[in-house]
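Here is the structure we will look at.
In this note's numbering, the protein residues as written are 44 to 305.
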C-alpha cells in the first residue's frame with residue numbers, strides 16, 4: 044500500500060530531506076503479432092524483400108529513467124604545511140622585567156609635603172596597565188590607598204611596575220635586583236612598598252607565602268626598608284582583606300615616621 048501524494052506534497056517532503064520511493068511501473072506485455080497467411084502464389088517485390096530482411100528492433104516494455112550524471116567527487120585539498128618558524132632563543136628566554144620608575148604625583152608641592160613622609164616612596168607592583176599605573180579599577184583603588192596615606196602630597200612618590208610578557212612567566216631575580224638597586228640608588232626613597240606576592244618574590248627572592256612576607260620588615264640591597272602587602276587587584280576580589288592591607292600601610296608609615304624623628 045502506498046500513499047497517494049500530489050506534486051506539492053512530494054516537493055515539500057523533498058525540501059525536508061525525505062526520499063520518496065515510488066513503486067516501479069509494471070512491465071506491459073508487448074502484443075503478439077499474428078502472422079498473416081501468405082498465399083502460395085505471390086509476387087515478391089524488391090521493397091518487400093527489404094522489409095523482410097530488416098532487423099527487428101525490440102523495445103523495452105517500461106521506459107528506463109534517464110540517469111543523471113553524477114557530480115565529480117571533490118577530493119579534499121592536501122593540507123598546506125606552514126614553514127617552520129625560526130625560534131629566537133633570546134625571545135624564548137625572556138623573563139619578567141622591572142620598569143623604570145614613574146612619578147605618581149608630580150604636581151604635588153614639595154613645600155607642603157609633610158615631613159613625616161620622609162624623603163620619598165617607591166611602590167612596586169604588577170598591573171594590567173603598565174603604562175598607566177592608575178588605570179582600571181585596581182589603579183583607582185591604588186590611588187585611594189596612597190591618598191589615604193597622604194602620599195599624593197609627596198612629589199617623590201614613584202611607581203615601579205613589574206611587567207611580564209606572558210602570565211606566569213619566569214622571573215630572573217638577579218636582573219630584577221640589579222634594576223631595583225639602580226632605582227634605589229637614584230631615588231633613595233625612605234620606604235619601598237611592595238604590593239602582591241609576585242612583586243614580593245621578584246624583589247626579595249623569597250619563596251615564602253604572602254602571609255609570612257607581610258609579617259616581616261625587609262631590608263633591600265642598600266638597606267632601604269620594605270613592607271609587603273596585598274596588591275589592589277587582589278583586594279578587589281577579596282574586599283575583606285582591605286583592613287589587613289590598611290594595617291600594613293600604617294606599619295610602613297610608622298617606620299618612616301620613626302626614621303624621620305630620629
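Heads up, the beta-carbon is just placed ideally off N, CA and C, and yes, glycines get one too.
Buried versus exposed, by CB contacts within 10 Å (16 or more), residue i
i	result
residue 163	buried
residue 167	buried
residue 175	exposed
residue 203	buried
residue 255	exposed
residue 284	exposed
residue 157	exposed
residue 229	exposed
residue 299	buried
residue 191	exposed
residue 85	Residue placement at residue 85 cannot be trusted, given a pLDDT of 45 that sits under 50; what the coordinates show is reported in the next sentence. It is exposed - the Cβ of residue 85 has fewer than 16 other Cβ atoms within 10 Å.
residue 98	Model confidence at residue 98 stands at a pLDDT of 47, short of 50, so the residue's coordinates are unreliable; what they give is reported in the following sentence. Exposed, since its Cβ has fewer than 16 Cβ neighbours within 10 Å.
residue 250	exposed
residue 193	exposed
residue 149	exposed
Extent of the continuous alpha helix (DSSP H) to which residue i belongs
i	result
residue 287	285-304
residue 219	216-230
residue 275	275-280
Secondary structure of residue i, DSSP reduced to three states
i	result
residue 50	helix
residue 192	coil
residue 329	Any question about residue 329 goes unanswered here, given that the chain covers just 44 to 305.
residue 260	coil
residue 237	strand
residue 246	helix
residue 108	In this predicted model, residue 108 has a pLDDT of only 48, less than 50, meaning its place in the structure is not dependable; the value taken from the coordinates is given anyway. Here residue 108 sits in coil by DSSP.
residue 178	coil
Expected contact under 8 Å - CB spacing of residue i and residue j to nearest Å
i	j	result
residue 242	residue 205	5 Å
residue 270	residue 260	7 Å
residue 273	residue 238	7 Å
residue 179	residue 302	At roughly 33 Å, the Cβ-Cβ gap does not stay under 8 Å, so residue 179 and residue 302 are not in contact.
residue 288	residue 279	That pair is no contact at about 11 Å.
residue 201	residue 165	5 Å
residue 195	residue 151	6 Å
residue 188	residue 253	Not a contact, Cβ separation roughly 17 Å.
residue 276	residue 181	4 Å
Where the beta strand (DSSP E) containing residue i begins and where it ends
i	result
residue 268	268-272
Checklist entry - Along the chain, which unbroken stretches of the beta strand (DSSP E) at least 3 residues long are found entirely within the region 139-175? => result The beta strand (DSSP E) runs of length 3 or more contained entirely in the region 139-175 are, from start to end of the chain, 164-168.
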